[in-house]
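K.L.:
This note's numbering numbers the first residue of the sequence shown as 84 and each following residue consecutively.
Beta carbons: idealized from backbone N, C-alpha and C, even for Gly.
Take a look at the following structure, please.
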Amino acid sequence: MSKEKQHVVAFMDMGTNSVRLMIVRISPNHTYTILSRQKETIRLGAGEFGCNMLQEDSMERAVLVCRHFVAMAKSFQAAEIVAVATSATRDARNQREFLARLKSEAYLDVQVISGREEARLIYLGVSSGAHITEPTLFIDIGGGSTEIAVGDARGHNGLFSLKLGAIRLTTMFLNGHEGPVTLRQ
């Protein structure tokens, strides 16, 4: 197989707690090779859920990490960067400002996806790598939301997104407290 027919694509997932990058080489027969996987904790949703506003320091961390990940994707000669943002960005009143900063400062176009789409993508990712013979429940607990999918090898039967995530609940019920939770708390 000639390298001219293969192409490299970078995928970025900007969640409430971290940004993930996966760079893959895709062959003409649709097989792929993972070239790099990275994860950086940015805590984008820190301090957001009380006021539905992304905080300046959180946005700055996100921009810096995304700028680094874009440079890494370019170093692998990625022909395309597919970037999505989930709960923290989805719920932020200053979402447009944040997306504009990512575009102007990190040179990255980010698509904000719905909770249902997030659940669908989780289902596709997990079911593609697992041998599923009967209806299965998939649960992904994130920083801002929890996605639930029900499905089998033929497809999904239900996709749900709940505003129940680790950072969101910590902010709402523990005033942002970090570390072990005491019995009183």
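For Gln178 and Thr172, what's the separation of their Cα atoms in angstroms?
P.N.:
In the sequence shown, the residue the question calls residue 178 occupies position 95. In the sequence shown, the residue the question calls residue 172 occupies position 89. For Gln178 and Thr172, the distance between alpha carbons rounds to 6 Å.
K.L.:
For Ile117, which residues in the same chain have their Cβ closer than 7 Å to its Cβ, ignoring the five residues on either side in sequence?
P.N.:
Residue 117 sits at position 34 when you count from the first residue of the sequence shown. Result list for Ile117: Met105, Val107, in chain order.
K.L.:
Does the distance from the CB of Val233 to the CB of Leu220 come in under 7 Å?
P.N.:
By one-based count along the sequence shown, residue 233 stands at place 150. By one-based count along the sequence shown, residue 220 stands at place 137. The answer is yes: Cβ separation under 7 Å.
K.L.:
Taking C-alpha atoms, which residue in Asp140, Gly248, His239 lies nearest to Glu200?
P.N.:
Numbered from its first residue, the sequence shown carries residue 200 at position 117. Residue His239 is the option with its Cα nearest to Glu200.
K.L.:
CA-CA distance, Val267 and Leu257?
P.N.:
Position 184 of the sequence shown, counted from the start, is the residue given in the question as residue 267. Position 174 of the sequence shown, counted from the start, is the residue given in the question as residue 257. Contrary to the premise, residue 267 reads as Arg rather than Val in this sequence. Straight-line Cα distance between these residues: approximately 11 Å.
K.L.:
Compare the Cα-Cα distances from Leu147 to each of Lys122, Glu188, Ser158 and report the closest residue.
P.N.:
The count along the sequence shown starts at 1 and reaches residue 147 at position 64. The option with the nearest alpha carbon to Leu147 is Glu188.
K.L.:
Based on Cα-Cα distance, which residue from Phe94, Arg126, Phe132 lies nearest to Tyr115?
P.N.:
Numbered from 1 along the sequence shown, position 32 holds the residue referred to as residue 115. Closest option to Tyr115, Cα to Cα, is Phe94.
K.L.:
Less than 7 Å between the beta carbons of Val167 and Ile205, yes or no?
P.N.:
Position 84 of the sequence shown holds residue 167. Position 122 of the sequence shown holds residue 205. No, Cβ-Cβ distance for Val167 and Ile205 is not below 7 Å.
K.L.:
Would you report the Cα separation of Gln121 and Cys134, rounded to the nearest angstrom?
P.N.:
On the sequence shown, residue 121 is found 38 positions in, with the first residue counted as 1. On the sequence shown, residue 134 is found 51 positions in, with the first residue counted as 1. One C-alpha to the other measures close to 30 Å.
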